[in-house]
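Participant:
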Amino acid sequence: MVNITIDNQQVSVPEGTTVLDAAKQANIKIPTLCYLHLEKSNFLNNVASCRICVVEVEGRRNLPPACATPVTEGMKITTNSKRVLSSRRKNLELILSNHPFNCLICAKSTDCELQTLAWEFGINTQRYRGERATHEIDKSSGALKRDPEKCIMCRRCEVMCNEVQTVGALTAFGRGFNTVVAPAEKKPLIESPCVYCGQCVSVCPTAALTGVGYISEVWDALFNPKKKVVVQVAPAVRVAIGEEFGMQPGQIVTGKLAAALRRIGFDGVFDTTFGADLTVIEEGREIMDRLKSGKNLPILTSCCPGWINFINYHFPTLKYMPSTCKSPQQMTGAIAKNYYAKKMGIDPKDMVVVSVMPCIAKKYEAALPYESTHGIPDVDYSITTRELAKMLKEGSVDLKNMPEETFDDPLGESTGAGVIFGATGGVLEAALRTVYEKYTGKTLEDVNFMAVRGTQGIREASIQINGRTVNVAALSGLGNARKVLEKIVKGEAHYDIIEIMACPSGCVNGGGQPYCHDRDEVIEQRIRGLYHIDRNQAIRKSHENPSIQKLYQEYLGEAGSHLAHELLHVESHN
Amino acid sequence: MSDSVKNSPCCDLTGHPSFQQLDSYIDALKIDKESPRRKDTLIQTLHYAQNLFGYLPDVVQMHIAKRYGIPHADVSGVVSFYNYFTTTPKGKIQISVCLGTACYVNGADKVLQEFEQVLGIKSGQVSEDGKFSIESLRCVGACGLAPVVTINQKVYGKMKPGKVREILEDFLVEHSEKEEAVNA
Amino acid sequence: MPKITSYEKLLECYKEYQPLLHTRKDGAAHVDTKTVLICGGTGCQSSDSLHILAEFNRLIAEKHLEGKVEASITGCFGFCEKGPIVKVFPDNTFYVQVTPADVLEIVEQDLIKGQRVTRLLYEEPNKKEKVAASEDIPFYKLQKRVALRNCGFINPEKIEEYIANAGYQALGRALTQMTPAQVIDEVKRSGLRGRGGAGFSTGKKWEFASMYESEEKFVICNADEGDPGAFMDRSIMEGDAHSVIEGMALAGYAIGAHQGYVYIRAEYPLAVNRLKIALIQAREHGLLGEHILGTNFNFDIDIRLGAGAFVCGEETALIHSVEGGRGEPRNKPPFPAQSGLWEKPTIVNNVETLANIPILFQEGAAKFAELGSQTSKGTKVFALAGKVNNVGLVEVPMGTPLRKIIYDIGGGIRGGANFKAAQTGGPSGGCIPAQFLDTPIDYESLMSIGSMMGSGGMIVLNDHDCMVNIARFYLEFTVEESCGRCAPCRIGNKRMLEILTDITEGRGTEADLRELKELSQTITDTSLCGLGQTAPNPVISTMKYFWDEYEAHVKEKRCPAGVCQKLLKYEIDPAKCIGCTACARGCPVSCISGSAKQPHVIDQTRCIKCGACMTKCRFGAISRN
Ligand SMILES: Cc1cc2nc3c(=O)[nH]c(=O)nc-3n(C[C@H](O)[C@H](O)[C@H](O)COP(=O)(O)O)c2cc1C
Ligand code: SF4
Ligand code: SF4
Ligand code: SF4
Ligand code: SF4
Ligand code: SF4
Ligand code: SF4
Ligand code: SF4
Ligand code: SF4
Ligand code: FES
Ligand code: FES
Ligand code: FES
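Residue numbers (the UniProt record's numbering), protein chains in the order written: chain A, 1 to 574; chain B, 1 to 184; chain C, 1 to 625.
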């Protein structure tokens, strides 16, 4: 233990503790801007670039940053002297002097760490009026928007992309005043290896990185009398969107959400969870085929487009491994525009499918040319949880006080298995519930596969199915995926089924979710919400979903049928 | 890592003689793509490549990234950090005016202005015919001869605005002699 | 080349190679052979010194002087301004500004007849007298050459000459007779402090690195020499790379490292080349590599080239650059001695620091510490430049007063103008006004008067230099060289520069002056690395000592030194103007009007203050204020 004095309080902390954390113990909250530590994502940004957290240390000539300075025995720290406060303020004013002052028209307003800090400091004047660096806005991907003029060079995105996700899409480019975080050679993001996982968006303190918005397109569709506009909501949305309306993280708002969507004019209110169940059936079939033949193992899940982009770019030799299934978003869209539209007598061309996703990559996926059926895209607009919250607010909807309603049939019925898709390990667990029963013909008594739950990046289990040991793993975060894939390439790891989610902890922590800033306990609360739904669901196995059964009877035939392939699978994922 | 590298977009330039030269240079470095230290020779390789190609265009950067098993962004971040590296071709005749302190206080800014005036291009630019480029640099260590100008590595000391035309002409004569020799 | 396999063998080589230097050593006057050393440094090579060497060799052959005269290149004499320099031993005759055409005369007169060629001798600028021998030239007479001992004395491309001058003996003795702890102790006792800027105790630094347990450790020589206007490290690398190599090997032995790197700027191709040659020779002689001098100590050195980034002189940035990344510094602690290159214990030392190491061991710590001041031991090399008569490298004991350097060694202010200030420490340093000319300079004294030792750049400024503009010049440099990582430096220095530009262009206000002070404080206090932390120094020190100049710019919109173009005003005195029209014809923007034989007038609104008219007027009718 190290003994120190902070603002005249004696504190004892373990060696290696930063001044920032030591101060926290003494109930002193030193303001920060660039620093961010997310334990669950294994993310630490301590490059100490903003110099907002500086403190005075007796005997030191200058003011060291609390976030990156370890305590030493006998250290005497002052966190609020005149010199400290005026330096912090000056540094903030300097940062602001190179920042557009247009909060009113900024996507991040009221949720922006820079804005909040400026407000907390009571910044009341634009002190410096020198040159502002100019950079172009990049919306080339249709998914992720870069507005580098709003970048404060905290470097969080770089750490996220390069170290946590190991994608390597971003770098600091240039130097000095014009340094900017950008893809190689400042080229448009679409030309970079970016997989649109959106994790950089989650950690960006400002609006320098956000999603490309489609709110106005969706309103236009809703107000277009010629269009039949249906919406589908991903599992992870229902345990997060409440946060935008003052509810607790993890609070389940499924019923309220269905009502709310109806209020703003959607003609059909569907559940992506239906598509998740469908995925389980189709993918389960593939799993069984491959397990039986022993070929092309392991099978990798394909419901996360961020991850699919990753394997395409970084491990092309393994491209045969992912399941050929489309993602639940695309399956739900395809079924809506074909099965449902036919049923309702709607021309698919007149139907608009909007999906509400926790995700940035889904925007990219929805726009892919091959994610379509007979040339008609399965999904027209993919918006994020955050975007939907804004739409509801604009559309006079108070989510908190909505009545509980249900999703529309038939694409509204779902199971507990489909719901847990929103958390890492959920896809795998859902698949196991179905595969076990189909493969063995026996009833699965305990549907809870606890070994694959949790937030550690790599979870493994061995399951006995019909006397065969099936080795499975659930990976979240692309850095973890890389580790395992590299072993597979080298022949050092042998698995049968692997679920991979690009976002650490899965979709609950997607790049389109309400920002949780440094409170990563929020993620766990959302996960708990999903498993809560699962636990209380009457049906917890996808193949028992009556609407799905009916869909096969009426329309698709059997899993893996010709029609199923046409609608629900892709030749290959690129 | 090996896989990720194969897929980095890079047009097939392996047949190009300069690329072959670059490749044999990199081969000799025996880069271990698994090693976390594999980047340690990156800057030398970039120097080598720039000498070879005159600049470091995208394809060269991507090729190097691939050979090192690192993202293009990494290479680009490095290239854009250092003044020495350029991603656009410079003039055949590169004029660098030292604006280090010793040269500056002895009127190097006036020398630079004169070069700009005579050649009709600004510092940092290349003449339209691609023949000349002017830039400023900070000290070549010949401060005793301030102000100092280098033309394609040749150092000219004790410069004066009045001497600009003269040394340009001298250099051109030498340069064309060399070219003739090469052509012959 | 046979490997030298033991310390004893090294001493034998030393004896064997002695004759190589016999014309050059003190008391060699009786020797009847002569040695001609031609400077092969960057400066002199740029004015054709290699051609001079070739000419000597040609004439030596032609006149059958082989065996009697030997011509050879050497490193920079530090007097590049007077180059190309040719020195003839044993008489120490010092010829300056020699051209290939002069060689014949030197050969015939001096080498054959033994008569010095007077017209090529150095002329004392104040007395207008020719001085023949280098030891009589004031520029050299008052210097004490320790770090530069071999520059201009040996042929840097011949390891034999380095060995003949007792080279590698310090290493040999340390490896065979001293423990690493004793080596560190010796360095500590010498009081040697880092010559790269901060002046940290070299012995202590080595000690820290030796304390950390690690399988791997590294020694890095910082040869980035980013301070513009400074060239002592270049000279040492060009003239005496073996000293640096030997110093690094000693450091390696002391801390337990087996690998060294020299990080050298790409702008110094000649130094890189000399270093490469030296490394090859050292390896061939068994002075680098495995089992050095037959001992169990292994140590080798690789070169890493910089690529034009001043900040890479900062040690953590340098380490990132050696690793192949962007040269961005990181927050300290941990210091490199604990976690440096690839997170292993690493020491980073400056070229000059390392060049002091072998001699420190040869002569002993006590002898080394005899020179210098209370807190700063040994000598320091300064790169004296700017408005001074003798521009060049000056090595003096620490504690030498500024006046002695500038007036006695430097020969005073050029062109008879008045001394205004000496800028030391480069972009991190400050300007020292006349009132401190008698301050004995060492690390502490410079700090106390608001400047820095830095790496040893010393730029002399006179009446015609505007101090606000000088501050602006340095800020422009830091803004260009800032790595951009931290906010105070990336944005703060930019804002400072904008304000200074406003002031020099007539838009400054008194509020700006207050803002400059406040910004300086914050940037100094909160920047991440030394670059930002010291960037405001040129502003702080010029504001402190030349406040009146700032006020003149801001309040009167006047540049007292007549430098800031936008504040100048060109006017034609109608009484003196005879209407010759020369000025009007020379004005690039045609803003002078008047008919022939009538007084002309300048349209002030259009004048771009280029000054062309003033040089055109032969009647002194145009004035500038
Ligand atoms: C911006 C900056 C530039 C520097 N440039 C150099 C340099 O060019 N050469 C050098 O030896 N030290 C330079 N230093 C100092 C080094 O960081 C380091 O202190 C030094 O190399 C240590 O060696 P020494 O103890 O032998 O002086 C620089 C420091 C800063 C902050
Ligand atoms: S990023 Fe933040 S501070 Fe900047 S304009 Fe947007 S809300 Fe305002
Ligand atoms: S915050 Fe201030 S400026 Fe912005 S909308 Fe409200 S009142 Fe207007
Ligand atoms: S979206 Fe993901 S892959 Fe793309 S830049 Fe951000 S972190 Fe990197
Ligand atoms: S883009 Fe955002 S996360 Fe990245 S450095 Fe800029 S402000 Fe930080
Ligand atoms: S884990 Fe979920 S939110 Fe994240 S990229 Fe994949 S699908 Fe999107
Ligand atoms: S002080 Fe300047 S050079 Fe140093 S880290 Fe900060 S921005 Fe980079
Ligand atoms: S200073 Fe230049 S622009 Fe002004 S009048 Fe004279 S020649 Fe013309
Ligand atoms: S050059 Fe002098 S004398 Fe001639 S017109 Fe101009 S000001 Fe008058
Ligand atoms: S929060 Fe510590 S420097 Fe930015
Ligand atoms: S300042 Fe110009 S060469 Fe050094
Ligand atoms: S280069 Fe010849 S004296 Fe310096």
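Heads up, the beta-carbon is just placed ideally off N, CA and C, and yes, glycines get one too.
Can the beta-carbon of Leu-475(A) be found closer than 8 Å to that of Ile-497(A)?
Facilitator: For Leu-475(A) and Ile-497(A), no; Cβs fall outside 8 Å.
Participant: Please go through the region 12-64 of chain C and give each complete alpha helix (DSSP H) segment of 4 or more residues, from N-terminal end onward.
Facilitator: Correct list: 42-46 and 49-62.
Participant: Since Ile-255(C) and Lys-217(C) are thought to touch, with beta carbons under 8 Å apart, how far apart are those beta carbons, to the nearest angstrom?
Facilitator: Ile-255(C) to Lys-217(C), Cβ: 5 Å. Contact.
Participant: When we look at the beta-carbon of Tyr-320(A) and count the other beta-carbons within 10 Å, is it buried (16 or more) or exposed?
Facilitator: With fewer than 16 Cβ atoms within 10 Å of its Cβ, Tyr-320(A) is classed as exposed.
Participant: Which word fits Asp-408(A), buried or exposed, when buried means at least 16 other C-beta atoms lie within 10 angstroms of its C-beta?
Facilitator: Looking at its Cβ environment, which holds 16 or more other Cβ atoms inside 10 Å, Asp-408(A) is buried.
Participant: Check for me: the beta strand (DSSP E) holding residue 582(A) runs from which residue to which?
Facilitator: Limits of chain A in this structure are 1 at one end and 574 at the other, which puts residue 582(A) out of reach.
Participant: Is Ala-307(C) close to chain A, meaning its C-beta is less than 8 Å from at least one C-beta of that chain?
Facilitator: Chain A contact via Cβ: absent.
Participant: At a Cβ threshold of 8 Å, is Met-153(A) touching chain C?
Facilitator: So yes, Met-153(A) belongs to the interface.
Participant: Evaluate contact between the region 121-139 of chain A and the region 12-20 of chain A, counting only Cβ atoms and requiring at least three cross-stretch pairs below 8 Å.
Facilitator: The region 121-139 of chain A is not in contact with the region 12-20 of chain A.
Participant: Just the Cα atoms here: how many angstroms apart are residue 638(C) and Gly-27(C)?
Facilitator: What is shown of chain C runs 1 to 625, which leaves residue 638(C) out entirely.
Participant: Does DSSP put Thr-87(B) in a helix, in a strand, or in coil?
Facilitator: Of the three classes helix, strand and coil, the one that applies to Thr-87(B) here is coil, per DSSP.
Participant: Following the continuous beta strand (DSSP E) through Gly-386(C), name the residue where it begins and the one where it ends.
Facilitator: Segment 379-386, the beta strand (DSSP E) holding Gly-386(C).
Participant: Count the other CB atoms, across all protein chains shown, that sit within 10 Å of the CB of Lys-6(B); report buried if there are 16 or more and exposed otherwise.
Facilitator: Residue placement at Lys-6(B) is poorly supported in this model, since its pLDDT is 37, which falls under 50; the coordinates still yield a value, given next. With fewer than 16 Cβ atoms within 10 Å of its Cβ, Lys-6(B) is classed as exposed.
Participant: Looking at Tyr-313(A) and ligand 4, is the gap between the Cβ and the nearest heavy atom below 7 Å?
Facilitator: It does not: the Cβ of Tyr-313(A) is nowhere closer than 7 Å to a heavy atom of ligand 4.
Participant: Using the Cα positions of Asp-402(A) and Gly-255(A), report the straight-line distance between them to the nearest angstrom.
Facilitator: Inspection of the sequence shows that residue 402(A) is occupied by Met rather than by Asp. If I take the Cα positions, the gap works out to 8 Å.
Participant: Could you name the residues whose beta carbon sits closer than 5 Å to any heavy atom belonging to ligand 6, keeping them in chain order?
Facilitator: Result: Cys-197(A), Cys-304(A), Gly-306(A), Pro-358(A), Cys-359(A), Ala-361(A), Met-501(A), Ala-502(A), Cys-503(A), Cys-507(A) and Gly-510(A).
Participant: In three-state terms, what does DSSP make of Ser-527(C)?
Facilitator: Correct three-state label for Ser-527(C): coil.
Participant: Expressed to the nearest angstrom, what Euclidean distance is found between the alpha-carbon atoms of Arg-459(A) and Arg-453(A)?
Facilitator: Cα-Cα distance, rounded: 8 Å.
Participant: Taking the runs of the alpha helix (DSSP H) that are 4 residues or longer, which of them lie wholly in the region 248-332 of chain C?
Facilitator: Correct list: 269-284 and 315-322.
Participant: Helix, strand or coil for Ser-2(B)? Go by DSSP, reduced to three states.
Facilitator: For Ser-2(B), the predicted model reports a pLDDT of 36, less than 50, meaning its position is unreliable and no value from the coordinates is stated.
Participant: Use the C-beta contact count for Arg-274(C): other C-beta atoms within 10 angstroms, 16 or more gives buried, fewer gives exposed.
Facilitator: Buried, since its Cβ has 16 or more Cβ neighbours within 10 Å.
Participant: Output the residue ranges of the alpha helix (DSSP H) runs that lie fully inside the region 206-276 of chain A and measure 4 residues or longer, sorted by chain position.
Facilitator: Taking only runs of at least 4 residues, the alpha helix (DSSP H) segments lying wholly in the region 206-276 of chain A are 215-222 and 254-263.
Participant: Which same chain residues, not among the five before or five after Glu-169(B), have their C-beta less than 7 Å away from its C-beta?
Facilitator: The answer is none, since no qualifying residue turns up.
Participant: Give me whichever residues DSSP pairs with Asp-138(A) in a beta bridge.
Facilitator: Note: Asp-138(A) sits in a beta bridge opposite Arg-146(A).
Participant: Does the Cβ of Ser-87(A) lie closer than 7 Å to at least one heavy atom of ligand 10?
Facilitator: Every heavy atom of ligand 10 is 7 Å or more from the Cβ of Ser-87(A), so no.
Participant: In angstroms with no decimal places, state the Cα-to-Cα distance between Gly-242(A) and Ala-236(A).
Facilitator: Roughly 11 Å between the two C-alpha positions.
Participant: Does Asn-51(B) come out as helix, strand or coil in the three-state DSSP assignment?
Facilitator: DSSP places Asn-51(B) in helix when its eight states are reduced to three.
Participant: Between Gly-71(A) and ligand 11, is the CB less than 7 Å from at least one heavy atom?
Facilitator: It is Val, not Gly, that sits at residue 71(A) in the sequence shown. No, the Cβ of Val-71(A) stays beyond 7 Å of every heavy atom of ligand 11.
Participant: Apply the 10 Å Cβ neighbour rule to Trp-547(C) and answer buried if 16 or more other Cβ atoms are within range, or exposed otherwise.
Facilitator: Burial call: exposed.
Participant: Nearest to Val-489(A) by CA position, among Leu-318(A), Tyr-515(A), Asp-267(A) and Leu-556(A), is which residue?
Facilitator: The shortest C-alpha separation from Val-489(A) is found at Leu-318(A).
Participant: Assign Phe-177(A) to buried or exposed, taking buried as 16 or more other Cβ atoms, counted over all protein chains shown, within 10 Å of its Cβ.
Facilitator: Label assigned to Phe-177(A): buried.
Participant: Evaluate Leu-53(C) with the Cβ neighbour count: other Cβ atoms within 10 Å of its Cβ, from every protein chain shown; 16 or more gives buried, anything less gives exposed.
Facilitator: Buried, because 16 or more other Cβ atoms sit within 10 Å of the Cβ of Leu-53(C).
Participant: Would you say Leu-114(A) touches ligand 2, meaning its beta carbon is less than 7 Å from a heavy atom?
Facilitator: Under cutoff, so the answer is yes.
Participant: Does Arg-485(C) get closer than 8 Å to chain B when you measure Cβ to Cβ?
Facilitator: No, Arg-485(C) does not count as interfacial toward chain B.
Participant: Lys-30(B) versus chain C: which residues are under 9 Å apart at the beta carbon?
Facilitator: Near Lys-30(B) there are no residues of chain C at all, since even the closest Cβ is about 14 Å away, more than 9 Å.
Participant: Can you name the start and end residues of the beta strand (DSSP E) that Lys-130(C) belongs to?
Facilitator: Its beta strand (DSSP E) spans residues 129-131.
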